[in-house]
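Protein chains: 2
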Amino acid sequence: MRHRQRKSDCPVHFALDAFGDAWTLLIVRDLMFKGRATYTELLRAEEGIATNILADRLVRLEEDGIVVKERYSEHPNTSRYRLTPKGIDLLPIMLEIIQWSAKYDPRTAASREFVTRLRAEKARLTTELRSALVAPPERERPRP
Amino acid sequence: MRHRQRKSDCPVHFALDAFGDAWTLLIVRDLMFKGRATYTELLRAEEGIATNILADRLVRLEEDGIVVKERYSEHPNTSRYRLTPKGIDLLPIMLEIIQWSAKYDPRTAASREFVTRLRAEKARLTTELRSALVAPPERERPRP
DNA sequence: CTGTATCCTTAGGGATACTG
DNA sequence: CAGTATCCCTAAGGATACAG
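Chains as they are written, first to last, in this note's numbering: chain A, 1 to 144; chain B, 1 to 144.
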């Protein structure tokens, strides 16, 4: 499943080529905010992604350099996916998206407190989340 | 062509429901940055949008309250589309997207100067563009 | 657990013709 | 000019079964 060829050099178009579909940003969201890292964890997205779609998007994300796939040395059958710096740089976009939705979606689940913090100290929060993402707390062995 | 039903209350999902496809943000881009307002002007997007897709997305954008359709009183056959406040609030998202692409796309057409200005004075630029959008310069009659 | 493989259905989208 | 209406094809995506 190869990338369609670029139709313009517009930066908006470039971005949409990377994540302008219904699922990619939801995967990024789960990696970024929900601490999900393995295939099975990502499968649990509340929106119900299909196995083939998840596999396909993970390949694309890796090809695009937004995600890297790492193997646990101790658990040869378990991989984990992690955002690269390029992926982490999607954070400001995500934050703006969340703010926009919080403003216009009456049903949004973004907590008032989170959005208020966002608005007030976006820069600091970005740095904070960024470092948390770069060096995530080492996790115990995956639960069976 | 009705909206698929919401699968979650996640703000990211809400946003993707509004513009998580290949074309919607390109239309917003043309309304926002390129001064395009009529159907025919929007058809000239460099990426080559089809007439049926453009018509469909404009309906959706209007349903979602992101765009309003106005008729020229003098030119009964010509409409113009304009961003609503909700649509204008997409500006910060667009700016972050442009910055991200400018950083990672070697072919991007975003000018260095524009991106540098963005980075340095995003807040001021946002206000400036915003007011330019709310009260756009009144234009001459559309060219034949 | 981490995916592949298949099957099948629908939605997205290109091309083109046509209408008020 | 501003769209509709078709036609037709491909990609996207759901469901489920299977494999290393």
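Ideal placement from N, C-alpha and C gives every residue a C-beta, glycine not left out.
- Message: I'd like to know if the region 109–127 of chain A and the region 57–72 of chain A are in contact, where contact means that at least 3 CB-CB pairs between them fall below 8 Å.
- Response: Contact check between the region 109–127 of chain A and the region 57–72 of chain A: fewer than three CB pairs, one atom from each, fall below 8 Å, which does not count as touching.
- Query: So, does the CB of A/Leu90 fall closer than 9 Å to a CB anywhere in chain B?
  - Reply: Numbered from its first residue, the first sequence carries residue 90 of chain A at position 90. By this cut-off, A/Leu90 is an interface position.
- Message: To test your reading of the DSSP string, which unbroken alpha helix (DSSP H) runs of 4 or more residues are found completely within the region 65–118 of chain A?
- Response: 85–88, 91–104
- Span of the alpha helix (DSSP H) around A/Thr38: The residue you call residue 38 of chain A lines up with position 38 of the first sequence. Element bounds for A/Thr38: n/a, residue is neither H nor E.
- Message: Using a Cβ-Cβ distance cut-off of 9 Å, determine whether A/Val59 contacts chain B.
- Response: One-based indexing of the first sequence puts residue 59 of chain A at position 59. Chain B, which has no Cβ nearer than 9 Å to the Cβ of A/Val59, makes this no.
- Residues near A/Leu61 in its chain [Cβ-Cβ closer than 6 Å; skip 5 each side]: The count along the first sequence starts at 1 and reaches residue 61 of chain A at position 61. Cβ neighbours of A/Leu61 beyond the five flanking positions: Val67.
- Is the shortest distance between the beta-carbon of B/Gly35 and the beta-carbons of chain A less than 9 Å? Within the second sequence, residue 35 of chain B is the residue found at index 35, counting from 1. Answer no: the Cβ-Cβ gap between B/Gly35 and chain A never drops below 9 Å.
- Figure out for me which residue from A/Ala22, A/Thr108, A/Arg80 has the closest Cα to the Cα of A/Gly35. Stepping through the first sequence from its first residue, residue 35 of chain A is reached at position 35. Looking at the Cα atoms, A/Arg80 is the closest of the given residues.
- Where A/Phe19 falls: helix, strand or coil (DSSP): Your numbering for residue 19 of chain A matches position 19 in the first sequence. Judged by DSSP in its simplified three-state form, A/Phe19 adopts helix.
- Task: Give the range of the alpha helix (DSSP H) segment to which A/Asp56 is assigned.
- Result: By 1-based counting over the first sequence, the position of residue 56 of chain A is 56. Unbroken alpha helix (DSSP H) run through A/Asp56: 51–63.
- Is the beta carbon of B/Leu42 less than 9 Å from the beta carbon of B/Leu91? Along the second sequence, read from residue 1 onward, the residue named residue 42 of chain B stands at position 42. Along the second sequence, read from residue 1 onward, the residue named residue 91 of chain B stands at position 91. Cβ distance not < 9 Å, so B/Leu42 and B/Leu91 don't count as in contact.
- Between B/Ala102 and chain A, is there a C-beta pair that is closer than 9 Å? For the purposes of this step, residue 102 of chain B is taken as the residue at position 102 of the second sequence. Cβ-Cβ to chain A under 9 Å: yes for B/Ala102.
- Buried/exposed call for B/Val12, threshold 16 Cβ in 10 Å: Working through the second sequence from its first residue, we reach residue 12 of chain B at position 12. Its Cβ being crowded by 16 or more others within 10 Å, B/Val12 is buried.
- Task: Kindly indicate which residue of A/Ala15, A/Lys7, A/Thr24 has the alpha-carbon position closest to the one of B/Lys103.
- Result: Mapped onto the second sequence, residue 103 of chain B falls at position 103. Nearest option by C-alpha distance: A/Ala15.
- Give, in chain order, every residue of the region 27–52 of chain A whose Cβ lies closer than 7 Å to some Cβ of chain B. Arg29, Glu46, Glu47, Gly48
- Skipping 5 residues on each side, what residues in its chain have a beta carbon closer than 8 Å to that of A/Thr78? Here residue 78 of chain A is taken as the residue at index 78 of the first sequence, counted from 1. Counting only Cβ-Cβ distances below 8 Å, and skipping sequence neighbours, we find Thr38, Arg71, Tyr72, Pro142.
- Query: Taking Cβ to Cβ, would you say B/Asp9 is nearer than 9 Å to A/Asp30?
  - Reply: Taking the first residue of the second sequence as position 1, residue 9 of chain B is located at position 9. Taking the first residue of the first sequence as position 1, residue 30 of chain A is located at position 30. A distance of 9 Å or more separates the beta carbons of B/Asp9 and A/Asp30.
- Message: Are the CB atoms of A/Ile27 and A/Ala50 within a distance shorter than 9 Å?
- Response: Translated into positions along the first sequence, residue 50 of chain A becomes position 50. Translated into positions along the first sequence, residue 27 of chain A becomes position 27. Not a contact, by the Cβ cut-off of 9 Å.
- Task: Indicate whether at least one CB of chain A lies closer than 9 Å to the CB of B/Leu125.
- Result: Sequence index remark: in the second sequence, residue 125 of chain B carries index 125 (1-based). Cβ-Cβ to chain A under 9 Å: no for B/Leu125.
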